[in-house]
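Okay, structure first, notes after.
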Amino acid sequence: MRRELVTDALWKRVEPLLPRKRRKSRRGRPRCDDRAALRGILFVLKTGIAWEDLPAEVFAVSGITCWRRLDAWTRAHVFERLHEKRNRPIAGVLRRGVRVRSWAHATTWT
């Protein structure tokens, strides 16, 4: 039996903390689902694989998109607010001090 990385209970706590989506023109590719992006982020952080190695066909989102979403959510202090709310289910995957240094070093964690 496969364990879901983003349970309904966890998503219910995370979703209200996410920044509002900006309206884009109708041109270009549609924005990927935030829940799929969070699943991809948690998978990369849990397994330690490189962002570009995330299987897009399994997660319905690319690793680079997940990296960009993680960067945007980190800048919006989503994970700090989640930690402040004492949401323990995510604590085992996201550890304090985990951050993305830059695109050139996106696969290196400090």
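Each residue of the sequence shown is one higher than the last, beginning at 1284 in our numbering.
All C-beta atoms, glycine included, are put in the ideal place defined by N, C-alpha and C.
Between which two residues does the alpha helix (DSSP H) carrying residue i extend?
i	result
K1304	Taken as a continuous stretch (DSSP letters only), K1304 belongs to no alpha helix (DSSP H), as it is neither H nor E.
L1337	It is not in any alpha helix (DSSP H) - L1337 carries neither H nor E in the DSSP assignment.
C1349	G1346 to R1358
E1367	V1361 to E1367
Of all the options the options, which has the alpha carbon lying nearest to the alpha carbon of residue i?
i	options	result
I1332	R1314, A1343, I1347 and W1356	I1347
A1343	D1291, R1286, E1287 and R1318	R1318
W1294	R1312, D1316, T1330 and K1304	D1316
L1365	D1291, L1300, R1286 and A1292	L1300
Quick check: the Cα distance between residue i and residue j, rounded to an integer number of angstroms?
i	j	result
G1323	R1309	25 Å
A1339	E1367	32 Å
T1357	V1341	24 Å
H1360	R1303	13 Å
E1287	R1296	16 Å
A1320	S1345	8 Å
With DSSP run on the structure shown, which of helix, strand or coil describes residue i?
i	result
V1311	Here the sequence assigns Gly to residue 1311, which means Val is not the residue at that position. Here G1311 sits in coil by DSSP.
E1298	helix
L1288	coil
A1343	coil
Can you tell me whether residue i sits near the ligand FAD, meaning its C-beta is under 7 Å from at least one heavy atom of the ligand?
i	result
P1302	No copy of the ligand FAD appears in this structure; indeed no ligand is present at all.
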